Each structure stands twice: as structure tokens, then as C-alpha cells.
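Take 103 as the starting number for the sequence shown in this note's numbering and just add one per residue. From the three backbone atoms N, C-alpha and C, an ideal C-beta is built for every residue, glycine too. Note that the structure is predicted; figures quoted are calculated from it, not measured. In what follows, a structure is listed as C-alpha cells, so that the remarks can point back to it.
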Amino acid sequence: MRATPKDEVKVIKILGRLYTQKADMDMGSPEDTLLATLLSARTADAQVLRVFPGFRKKFPSWRSLAKADVSDIAQQISTIGLYKSKAKAIKGLAQMILADYGGRVPSAMEELVTFPGVGRKTASCVLSFAFGKPSIAVDTHVFRIVRRLGWSKGKTPEKVEADLAALLPQKCWSDINRVMVRFGRDICVGKPRCWRCPLVKFCAYKNKNLAESDF
Ligand code: SF4
């Protein structure tokens with residue numbers, strides 16, 4: 103049966119009680135959150151967390167990144183997926199932030215998505231984690247879980263984001279990514295562990311895995 107809007111809020115609250123930690127890419131400042139989230143595309147967060155302190159030590163400011171050789175930035179992040187294109191994007195981003203924003207990360211979606219390497223997901227992470235603005239970051243976990251729950255049939259992250267925005271009140275938006283990323287690593291994984299899922303009664307997924315089988 104289709105969940106009611108009240109059920110959807112309940113689901114976010116249940117996951118919020120289960121997963122209380124901040125998001126891995128919530129690095130405190132807008133600068134660090136933007137750079138870390140950009141680096142995390144198609145890369146495990148754990149890998150970004152390993153590399154990030156050394157990367158920031160070597161390039162502590164936008165100015166240092168803007169004037170660096172792309173190859174030097176690439177060398178610092180060489181264990182990260184797509185590191186060459188990310189190094190190029192980071193240099194371009196640093197130059198734009200200095201030239202157009204006086205060295206400050208802007209806090210509007212329309213501005214953030216003009217930066218190289220920054221799409222709606224990265225921009226949403228920056229807005230919600232660093233600026234506390236309601237924003238829905240649809241990554242691979244959110245995309246998979248929301249479709250399994252039956253909240254969206256969207257085939258693109260943009261459509262899933264729009265469906266979520268229509269279903270849930272703004273006060274829930276920033277929690278969606280934070281809790282679903284943890285839930286997507288822990289229970290609603292590729293082959294979901296439905297037998298220990300607190301959302302079974304809210305979930306529309308037809309291929310539920312209710313017998314403990316993959317441990
Ligand atoms: S019941 Fe299974 S498919 Fe549905 S949300 Fe839980 S783990 Fe995911």
C-alpha cells in the first residue's frame with residue numbers, strides 16, 4: 103500500500119533515531135565541505151577522509167589551489183577516483199571563487215552549480231551541511247532507497263529530488279541524505295537486509311529479502 107505523507111516523515115524520524123552521526127562529508131566549513139564532497143564523487147567517503155587532511159595541509163587556501171599546477175593537486179589526491187579531472191575542477195573552482203566571490207563560498211544553489219565539478223548533489227550537501235539550508239542531496243543511496251520505498255519512480259536524481267521535495271516538508275530535507283547514506287550502507291544495501299529493517303511495513307519493494315541469508 104502507498105505510504106501516506108505522515109508515514110514518510112515517520113520514516114525519516116525512525117532513521118534519524120537509528121543514525122545520529124553527522125554526514126562524513128560534513129566538514130564544518132563551507133570550503134572544506136565543498137572540496138570534500140567534490141572529491142567524494144564515485145569514491146568511498148572513507149578514502150576521502152584519509153586523503154583530506156594531507157591535501158588541505160598542502161593547499162590550505164583558495165589562493166594556494168588557484169595558483170597550483172593541476173599535476174601537483176592531482177598528486178595529492180591520486181588515490182581518489184577520477185583524480186585528474188577532480189584536480190582540474192578544483193583549480194578552476196578556486197579561481198572562480200576568488201575572482202567572482204571574493205574567496206567566499208556562495209550559499210545559493212544557482213551559484214554553486216556554476217562551479218566546475220559541482221552538480222546539484224554536491225551543492226545540496228554544501229547548502230545543508232555547511233549553511234544549514236534545507237536541501238535534498240540525491241546520491242546513489244538516496245536514489246536506490248527512495249525508489250524501493252515507493253516514494254518515487256524517477257529515473258534521474260533530479261526527478262527523485264523533485265518527488266522528495268513534493269512529499270516531505272522542508273524541515274526533513276537535510277536529514278534525508280545524512281540518514282539514508284548510513285541506512286544504505288548498513289541495511290538497505292544492494293541485496294537488502296530486509297529481515298532487520300525497521301521500515302518493512304512502510305516499504306513497497308517487491309523483492310524484500312526477509313530471510314537472513316547474506317552473513
Ligand atoms: S524493507 Fe528492505 S528494501 Fe525496503 S527499505 Fe527496508 S531494507 Fe530496503
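query = Measuring CB to CB, does A148 end up less than 8 Å from V172?
reply = Here residue 148 corresponds to residue number 46 of the sequence shown, with the count starting at 1. Here residue 172 corresponds to residue number 70 of the sequence shown, with the count starting at 1. Not closer than 8 Å, so no.
task = Look at the alpha carbon of R206 and the alpha carbon of L312, and state the distance between them as a whole number of angstroms.
result = Locating residue 206 in the sequence shown gives position 104, where the first residue counts as 1. Locating residue 312 in the sequence shown gives position 210, where the first residue counts as 1. Cα to Cα, the separation comes out at about 49 Å.
inquiry  = Checking 8 Å against the spacing of the C-beta atoms, do V153 and T181 come in under that value?
reply    = Counting from one through the sequence shown, the residue named residue 153 turns up at place 51. Counting from one through the sequence shown, the residue named residue 181 turns up at place 79. Yes. Within cutoff.
query = Among C227, W253 and R165, which residue has its Cα nearest to the Cα of A125?
reply = Within the sequence shown, residue 125 is the residue found at index 23, counting from 1. When each option's Cα is compared against that of A125, the closest is C227.
ask   = Under a three-way DSSP split, which group does L270 fall into?
value = Locating residue 270 in the sequence shown gives position 168, counting from the first residue. Three-state DSSP puts L270 in coil, outside helix and strand.
task = Use the C-beta contact count for K169: other C-beta atoms within 10 angstroms, 16 or more gives buried, fewer gives exposed.
result = Counting from one through the sequence shown, the residue named residue 169 turns up at place 67. The residue is exposed, with fewer than 16 neighbouring Cβ atoms inside 10 Å.
task = Please check the pair C305 and R250, which I expect to be a contact at CB under 8 Å, by giving their CB distance rounded to whole angstroms.
result = Position 203 of the sequence shown holds residue 305. Position 148 of the sequence shown holds residue 250. Yes, they are in contact, since the Cβ atoms of C305 and R250 sit about 6 Å apart, within 8 Å.
task = Just mark R280 as buried or exposed, buried being the case when its beta carbon has 16 or more other beta carbons within 10 Å.
result = Along the sequence shown, read from residue 1 onward, the residue named residue 280 stands at position 178. Answer is buried; the Cβ neighbour count reaches 16.
Min CB distance I182 to chain B below 8 Å = Annotation note: the requested chain B is absent from the structure, which comprises a single protein chain.
query = Where A196 and K261 are concerned, what is the direct C-alpha to C-alpha distance, given to the nearest angstrom?
reply = Within the sequence shown, numbered from 1, the residue matching residue 196 stands at position 94. Within the sequence shown, numbered from 1, the residue matching residue 261 stands at position 159. Between A196 and K261, the C-alpha separation is close to 30 Å.
Inter-residue Cα distance where the pair is A191 and T122 = The sequence position of residue 191 within the sequence shown is 89, counting from 1. The sequence position of residue 122 within the sequence shown is 20, counting from 1. Taking the straight line from one Cα to the other gives about 32 Å.
query = Who sits around the ligand SF4, taking every residue whose Cβ is closer than 7 Å to one of its heavy atoms?
reply = I247, R250, L251, I289, C290, P294, R295, C296, C299, L301, V302, C305, Y307, K310 and N311
query = Applying the criterion that 16 or more other CB atoms from any shown protein chain within 10 Å of the CB defines a buried residue, is A146 buried or exposed?
reply = Translated into the one-based positions of the sequence shown, residue 146 becomes position 44. So A146 ends up on the exposed side.
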